[in-house]
Ligand SMILES: [Zn+2]
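In my numbering, the protein residues as written are 52 to 184.
Quick look at the structure:
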């Protein structure tokens, strides 16, 4: 299911309807996500999913963060974009203790990059072999 809904394909008012609807929760039933996933604060800085046309919801947990949208089979088996966890980042820093240049915005950047190119900047641990997670 590819919608080809992008910001560019929508008029300003159509787009704003989606933004407002996102915060009102009118599309909540479409999300494949457990309740831990919450709306982002700045939806307009996140691309619409190119497959389901929804803004993502995000889950920031102890050891990483991930997205959920309408893509997937169920709330437990769904598509996600991930960002590197802060502990993984700290471990590979120059002294193994520094989080100084950790990018708190990396999940958004990875999501937008994936929406635009189909490629992930940071793949989930299960998809990589370099030990980062
Ligand atoms: Zn989607």
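The beta-carbon is built from N, C-alpha and C at its ideal position, and this holds for glycine as well. Remember, predicted model here, so these are calculated numbers, not experimental data.
Distance from the CA atom of residue 83 to the CA atom of residue 127, rounded to whole angstroms, is 7 angstroms. Spatial neighbours of residue 161 in its own chain (CB-CB distance under 8 angstroms, excluding positions within 5 residues in sequence) are listed in chain order as 132, 133, 134, 171, 172, 173. Secondary structure of residue 141 (DSSP, three-state): helix. For the pair residue 184 and residue 115, the CB atoms are nearer than the 8 angstroms cut-off. Separation of the CB atoms of residue 101 and residue 57 is rounded to 7 angstroms, and the pair is thereby assigned contact status at 8 angstroms. About 4 angstroms separates the beta carbons of residue 121 and residue 81, which is inside the 8 angstroms limit, making them a contact pair. Excluding its 5 nearest sequence neighbours in each direction, residue 112 has C-beta neighbours in its own chain below 8 angstroms: 87, listed in chain order. Runs of the alpha helix (DSSP H) spanning 4 or more residues and lying entirely within the stretch 142 to 183 occur at 157 to 168, in chain order. Put simply, the residues with a CB less than 7 angstroms from any heavy atom of ligand 1 are 100, 102, 103, 105, 120, 121, 122, 130, in chain order.
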